[in-house]
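Reviewing the structure listed below.
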Amino acid sequence: MIERADQLVLNYVSKAADAAHGVLRADQRLDFARRLRAKIEAERRGSQNARQVAKVLARFGDPVALVEREARRLAEPASPAAPPSTPSTLRFPAVVDDREPAAHRSYELPFGRLRRVAMSTANPMATGGRDARTIVKEHPRDIAAMAILVLAALLVPFGLPAVAIFQVPVLVWAAGAVAVLFSETWAVRDKALGIGAPLLGYTVGGVLVGGFRATEAGMTAFVTQFFDVSGVMFMIGTGLGVVWLAYRLLDLS
529 MIERADQLVL NYVSKAADAA HGVLRADQRL DFARRLRAKI EAERRGSQNA RQVAKVLARF
589 GDPVALVERE ARRLAEPASP AAPPSTPSTL RFPAVVDDRE PAAHRSYELP FGRLRRVAMS
649 TANPMATGGR DARTIVKEHP RDIAAMAILV LAALLVPFGL PAVAIFQVPV LVWAAGAVAV
709 LFSETWAVRD KALGIGAPLL GYTVGGVLVG GFRATEAGMT AFVTQFFDVS GVMFMIGTGL
769 GVVWLAYRLL DLS
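Using this note's numbering, you'd call the opening residue of the sequence shown number 529 and step up by one each time.
Structure (C-alpha cells):
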C-alpha cells in the first residue's frame with residue numbers, strides 16, 4: 529500500500545507530466561518528470577509525514593507554472609560562452625522554510641480546512657497539496673461510510689415500513705457504523721463521536737425535547753412527543769457526526 533506522503537508526490541509529479549503533454553517532447557517530458565521527482569525527494573528528505581510533504585509541494589508551486597518555465601528554458605538559445613560540458617538543469621523556485629516562530633504561531637479555525645477544500649476546486653495548492661478529488665480517491669471507503677450515514681438520516685422523513693422490528697434508517701445507520709468502525713483512518717475517539725452522535729441525538733435529544741413539550745400531559749403524551757422529535761434529533765446528530773468525521777478526515781490526510 530502506497531503511503532499518503534508518497535501518493536502526494538506521485539499525484540504532483542503526474543499533474544506536472546500531464547501538463548507537459550503536448551508542450552514538451554516525449555523525451556523532454558520524461559526527463560522533466562524525473563528531475564522534478566528527484567528535486568522533490570531531495571527537499572522532503574525521506575519524510576513520510578503527509579502534512580510536511582504537502583508543505584514542500586506547496587513551496588514548489590503550480591505544476592503548470594513549472595512546465596511553462598521548463599518550456600521557456602528549452603526554447604532559449606544555448607549560450608556560446610557556457611562550457612559544453614555544463615549540463616542544463618531545471619530551474620526550480622527557491623525553497624524557503626516557511627515555518628513561523630513558535631511565539632507567533634497562528635491557529636486555524638476548526639472548520640477552516642473544510643472551507644479550503646470547498647473553495648479549492650481544481651487547485652490542490654489551496655489545501656496543502658490536496659483537492660477534493662484527491663481526497664475522494666485516497667479514501668473511497670471512508671467517503672462511502674459517511675455517505676451511508678447521511679442516507680440513513682435522509683430516510684427518516686419517509687416513514688418506510690419496518691424490516692422485522694427494525695426501522696429502515698436504523699439498519700442503514702448500522703451499515704454505515706460498521707463501515708466507520710472498520711476504517712483505518714479515524715481514531716477510536718473520532719469513530720465513537722461520529723457513530724454516537726446520531727444515537728445521542730435520538731435518545732437524549734428525544735427525551736429532553738419530548739419531556740419539555742409534554743411536561744404535565746402524562747406518560748402517553750411524553751411517548752408521543754418523544755417519537756415526534758426523536759427522528760429530527762437523529763438527523764441533526766447524524767449531520768454533526770458526519771461533519772466531525774469529514775473534518776478529521778481532512779485533518780489526518
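Just so it is clear, CB atoms sit at the ideal spot from N, CA and C, and this is done for glycine as well.
Remark: C-beta atoms of Leu677 and Val696 do not approach each other more closely than 8 Å.
Comparing alpha-carbon positions, the option among Val584, Arg553 and Glu666 lying closest to Glu571 turns out to be Val584. Between the C-alpha atoms of Arg601 and Gly724 there is a straight-line separation of about 57 Å. Beta-bridge analysis with DSSP links Phe694 to Val691. Beyond the five residues adjoining it in sequence on each side, Ile568 comes within less than 8 Å, by CB distance, of Val537, Tyr540, Val541, Val584, Leu585 and Phe588 in the same chain, given in chain order.
Remark: C-beta atoms of Phe686 and Tyr730 do not approach each other more closely than 8 Å.
Per DSSP, the beta-bridge partners of His549 are Leu552. With respect to the C-alpha of Ala720, the residue from Gln535, Ile663, Leu773 and Arg563 having the closest C-alpha is Leu773. Residue range Pro668 to Leu682 is occupied by the alpha helix (DSSP H) that includes Asp670. In the DSSP assignment, Glu596 falls within the unbroken alpha helix (DSSP H) covering Pro591 to Ala603. In the three-state scheme derived from DSSP, where H, G and I count as helix and E and B as strand, Thr766 is classed as helix. Around the C-beta of Asp779, fewer than 16 other C-beta atoms lie within 10 Å, and the residue is accordingly described as exposed. In the displayed model, Trp714 falls within coil according to three-state DSSP, outside both helix and strand. The three-state reading of DSSP puts Gly729 in helix, counting H, G and I together.
The residues Pro591, in chain order, have a CB closer than 7 Å to that of Lys543 in the same chain once the five nearest residues on each side in sequence are set aside.
Linking Ala566 to Thr766 through their CA atoms gives a straight-line distance of about 45 Å. The beta-carbon distance between Pro726 and Gly759, rounded to whole angstroms, is 11 Å. This is too long to meet the 8 Å contact definition.
The criterion of a C-beta distance shorter than 8 Å is satisfied by Arg669 and Ser711. Here the alpha carbons of Gln576 and Asp534 stand approximately 7 Å from one another. The three-state secondary structure of Ser575, taken from DSSP, is coil. Arg557 is positioned such that its CB atom lies closer than 8 Å to that of His549. Arg553 sits exposed, since fewer than 16 C-beta atoms from the chains shown fall within 10 Å of its C-beta.
A check of alpha carbon separations from Ala675 across Leu688, Ala692, Trp701 and Lys665 identifies Trp701 as the nearest. DSSP places Glu531 in the coil class of the three-state scheme, outside both helix and strand.
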